[in-house]
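Visitor: My questions all concern the structure below.
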Amino acid sequence: MAARIRIDRSGPITSVQDSGRFGQLELGISASGPMDRVAFGEAGPLAGDGAGAGIEFSMLGIAFSVLEGEVSVGWAGGQFAVAVNETAQAWPGNGLLRAGDQLTILPGPAGNYGYVRFAGELDIAPVLGSRATNLRARIGGLGGRVLEAGDEIGILGNGAVPLVDDVAEVVEGPIRFIWGLHAEIFSDAVRQMFVTERFRVTSMMDRMGVRLRDEAGVFGTAGILSLVSDPVVCGDIQVLGDGTPIVLGRDHQPTGGYPRIGTVISADLDRFFQLRPNSEVAFAPVRLEHAQALLRGGTV
Amino acid sequence: MAGQISISHDRPMIQALGDSALVVRFGNRLDDVANRRAVAFARAAQQAKMGGVIEVVPSLVSVLVRYDSSSTRFADIAGEIRLIVHGLGQDSEGREHLVRVRFDGADLAEVCETLALSRERFAARHNEAPLRVLATGFAPGFIYCGFHGEGMVVPRRSAVRPVVPAGAVLFAAGQTAIAATDIPTGWHVIGRSDLRNFELGASPPTAVRAGDTIRFETW
Chain A
1 MAARIRIDRS GPITSVQDSG RFGQLELGIS ASGPMDRVAF GEAGPLAGDG
51 AGAGIEFSML GIAFSVLEGE VSVGWAGGQF AVAVNETAQA WPGNGLLRAG
101 DQLTILPGPA GNYGYVRFAG ELDIAPVLGS RATNLRARIG GLGGRVLEAG
151 DEIGILGNGA VPLVDDVAEV VEGPIRFIWG LHAEIFSDAV RQMFVTERFR
201 VTSMMDRMGV RLRDEAGVFG TAGILSLVSD PVVCGDIQVL GDGTPIVLGR
251 DHQPTGGYPR IGTVISADLD RFFQLRPNSE VAFAPVRLEH AQALLRGGTV
Chain B
1 MAGQISISHD RPMIQALGDS ALVVRFGNRL DDVANRRAVA FARAAQQAKM
51 GGVIEVVPSL VSVLVRYDSS STRFADIAGE IRLIVHGLGQ DSEGREHLVR
101 VRFDGADLAE VCETLALSRE RFAARHNEAP LRVLATGFAP GFIYCGFHGE
151 GMVVPRRSAV RPVVPAGAVL FAAGQTAIAA TDIPTGWHVI GRSDLRNFEL
201 GASPPTAVRA GDTIRFETW
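Listed in order, the protein sequences are those of chains A and B.
For what it's worth, UniProt numbering labels the leading residue of the first sequence as 1, then goes sequentially.
For what it's worth, UniProt numbering labels the leading residue of the second sequence as 1, then goes sequentially.
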C-alpha cells in the first residue's frame, strides 16, 4: 500500500466518485460520477495518475491527514483555498504528502464542488463495476454514504509523475439546453419566457438535483398534471406541480413523471452544477446537432 | 398537449432526450398494449447491439436509448430503431416468479374500505390472477406489476410516506408495486412480501425484470 489517509473534517455531501457506474439504469441505479466532470478530469493528471477514483467535496471543503506512506495528490474544481500543513498552495495544484502531513481545503470564492485525486487507486471494492457513491441507491464508495470525519481510506500503487494538463477554458453565458420530452405541453408563452427570463439557483441542491427559484413566475403555480413515468437523464429540467423547476443531477432518479421542458447539454452540465446558490441563470436553446458538435470538440 | 400528438403502438415517437440519449415512446398513457410493445422493443434492441448504443432501458410505455454521440448520429439510430420496431413479433416470454404476501399493511384497512371489500376478499381478488411486471428502475430493484381488474383501482395517497422498508407491497392505480430498498412512497402500503429484488452479491442483482410474470400467494 502506498498510503493511508484519514478524513479530519468534511462538508455535507463529500463522497468517493469515479467516472461513473453506467449501464445499470434498468436495475434502478443512475450513473453517479463527478458533478463537475471536467474538474475531476483535471485533478487526476495533477496527481500523476488520471485513472483512479477520487473524493468530491462540497462548498465547505475538506481536511485529511496522511497516516502512513506517501502519496501524490492533485486538487481542482471551482476556486477553493488550499494549504499543506498551513502553507498555502496554488488552486488548482498538487503536492507530495507524507505521513503526518495534513491537507486543508477551505471555502473559496467560487464553485460548489472540488476534487482531490491521488496517484493510485482507492482501496475500496467496486460495486457493479464502479467505486462511485450513489447517495440515492446508497451503494458505492464507503457503504454508499457520504464521507465523515474519522473515515480512513487506503491508496494502492505508487502512481506516476504528475502531469499538468491544459486547464479547460471556462465558458460563460447562458446555460444551453435542448427542448425536452414534454416541451409541447408548455404553452408558447411559457416557452418564450423560459428563454428570456432569469432564474436563480437556490441552496436546495445536492447530487440528485438543483432547485431553481422562478422569480419571474414563468411557470406560475398552475400545476401541470403529472405524466406517465418516462426515463430521466442528468440535466433534465423538470417542473414540479407547484411550478418549481429542478435540474436533475448525477444521482438523479432513473424515471420520473413530472414534465420536462428541456435538458441541459452535456457541455454545460459541469459549469451549471458549480453555480452557487443565489447565482442568476439564463437558459438558451440549442439544436441537437450543435450540442453534439460541442461534444466532438468542434466549435460551432 | 402531449396527448394530441399521434402515436400508435406500431409507429412509436422517437424523441431526443438531451444530446446523448433518445426516448422511443409507444403511448402517452399507461395501457397494457403500449407497455408490452415498449418491453418487447427494449428486449429486441438490447439483443440487436446497435452500433454506438450504450444502454437500452425499458420504462412503462417508453424506452431510453443512450448512445455515444461522439461517434453516432441521432438520425442513424432512429433509422435502426424503426427497422427493429417493424420486425417486432410477439411478446418475448418472461420468467415466472412466486411472491408471497402478508396482507398487514398500514393502509390496508383504508384500501378495503374504499373498495368495499373485506380483507379476505381483497387478498383473494389481489392474488386471483398473475400480474405482468410492467417496469423496473424507479429505485433499485423496484417493480411495478399490473393490471388488476375493475373494482381493484384506488388513487395514490395524498401524502407521501417518508420511508417504507424493502419488501413492502404497495397498491395504487390498478397496480401492485414492491419496494426492494427503503424508499419514500405515495402509494398505499397493503403488506409485505418475501421478495428482495436487490441483492448486491447476486449477478445480476435483480431477479425480476420487466416482462416477467408474478403469481401472488398469501403468506
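Even for Gly, the Cβ is constructed at its ideal location relative to N, Cα and C.
Is any beta-carbon of chain A found at less than 8 Å from that of residue 222 of chain B?
Guide: Look at the range of chain B in this structure, 1 to 219, and you will see that residue 222 of chain B is not part of it.
Visitor: Using a Cβ-Cβ cut-off of less than 7 Å, list which residues of the segment 270-296 of chain A approach chain B; keep chain order.
Guide: Here the close residues are 288, 291, 292, 295 and 296.
Visitor: What residues of chain A sit near residue 206 of chain B, judged by a beta carbon separation below 9 Å?
Guide: Residue 206 of chain B sits at position 206 when you count from the first residue of the second sequence. What residue 206 of chain B touches in chain A: 26, 27 and 28.
Visitor: Measure from the C-beta of residue 136 of chain B to each C-beta in chain A and report whether the shortest distance is under 8 Å.
Guide: On the second sequence, residue 136 of chain B is found 136 positions in, with the first residue counted as 1. Residue 136 of chain B counts as touching chain A.
Visitor: At which residues does the alpha helix (DSSP H) containing residue 112 of chain B begin and terminate?
Guide: Mapped onto the second sequence, residue 112 of chain B falls at position 112. Residues 108-115.
Visitor: Under the assumption that residue 123 of chain A contacts residue 153 of chain A (Cβ atoms under 8 Å), give the Cβ distance between them as a whole number of angstroms.
Guide: What you label residue 123 of chain A is simply residue 123 of the first sequence in a count that begins at 1. What you label residue 153 of chain A is simply residue 153 of the first sequence in a count that begins at 1. With 8 Å as the limit, residue 123 of chain A and residue 153 of chain A qualify as a contact, their Cβ atoms being about 7 Å apart.
Visitor: Ignoring anything shorter than 3 residues or poking outside the segment 8-62 of chain B, list the beta strand (DSSP E) runs there in chain order.
Guide: Taking only runs of at least 3 residues, the beta strand (DSSP E) segments lying wholly in the segment 8-62 of chain B are 13-16, 21-25 and 53-58.
Visitor: Locate the beta strand (DSSP E) running through residue 282 of chain A, then write down its first and last residues.
Guide: Locating residue 282 of chain A in the first sequence gives position 282, where the first residue counts as 1. Per DSSP, residue 282 of chain A belongs to no beta strand (DSSP E) and is neither H nor E.
Visitor: Helix, strand or coil, according to DSSP, for residue 4 of chain B in the structure here?
Guide: Within the second sequence, the letter at position 4 stands for residue 4 of chain B. Bear in mind that the predicted position of residue 4 of chain B carries a pLDDT of just 45, short of 50, making it unreliable; the figure below should be weighed with that in mind. It is helical.
Visitor: Excluding five sequence neighbours on each side, which residues of the same chain lie with their C-beta closer than 6 Å to the C-beta of residue 63 of chain A?
Guide: Sequence index remark: in the first sequence, residue 63 of chain A carries index 63 (1-based). The residues are 8, 9 and 104.
Visitor: Any beta carbon from chain A within less than 8 Å of residue 119 of chain B's own beta carbon?
Guide: Reading the second sequence from its first residue, position 119 is the one you call residue 119 of chain B. So, not an interface residue.
Visitor: What in chain B is Cβ-close to residue 266 of chain A, meaning under 9 Å?
Guide: Working through the first sequence from its first residue, we reach residue 266 of chain A at position 266. Chain B residues near residue 266 of chain A: 18, 19, 20 and 69.
Visitor: Which residue comes first and which comes last in the beta strand (DSSP E) that contains residue 118 of chain A?
Guide: In the first sequence, counting from the first residue as 1, residue 118 of chain A sits at position 118. Counting along the chain, the beta strand (DSSP E) containing residue 118 of chain A begins and ends at 114-118.
Visitor: Looking at the strands, I want to know which residues DSSP matches up with residue 238 of chain A.
Guide: Here residue 238 of chain A is taken as the residue at index 238 of the first sequence, counted from 1. In DSSP, residue 238 of chain A forms a bridge with A:246 and A:260.
Visitor: So which residues on chain A does residue 54 of chain B lean against when the C-beta distance must stay under 8 Å?
Guide: Against the second sequence, residue 54 of chain B aligns to sequence position 54. Here the neighbours are 22 and 23.
Visitor: From this set, B:211, B:215 and B:112, which residue's C-alpha is nearest residue 37 of chain B's C-alpha?
Guide: In the second sequence, residue 37 of chain B corresponds to position 37, counting from 1. Closest by alpha carbon: B:211.
Visitor: Who are residue 292 of chain A's beta bridge partners in DSSP?
Guide: Here residue 292 of chain A is taken as the residue at index 292 of the first sequence, counted from 1. Bridge partners of residue 292 of chain A: none, in fact.
Visitor: Please list the terminal residues of the continuous alpha helix (DSSP H) segment that includes residue 193 of chain A.
Guide: Here residue 193 of chain A is taken as the residue at index 193 of the first sequence, counted from 1. Where residue 193 of chain A is concerned, the enclosing alpha helix (DSSP H) stretches over 188-196.
Visitor: Under a CB-based cut-off of 8 Å, is residue 221 of chain B close to chain A?
Guide: Beyond the ends of chain B as shown, which are 1 and 219, falls residue 221 of chain B; an answer cannot be given.
Visitor: Interface residues of chain A around residue 58 of chain B at Cβ under 8 Å?
Guide: Position 58 of the second sequence, counted from the start, is the residue given in the question as residue 58 of chain B. Chain A residues near residue 58 of chain B: 26.
Visitor: The beta strand (DSSP E) spanning residue 122 of chain B covers which residue range?
Guide: One-based indexing of the second sequence puts residue 122 of chain B at position 122. Run containing residue 122 of chain B: none in the beta strand (DSSP E); it sits in the alpha helix (DSSP H), 119-127.
Visitor: Any heavy atom of the ligand MN closer than 7 Å to the Cβ of residue 114 of chain B?
Guide: Looking at this structure, you won't find the ligand MN or any other ligand, since it has none at all.
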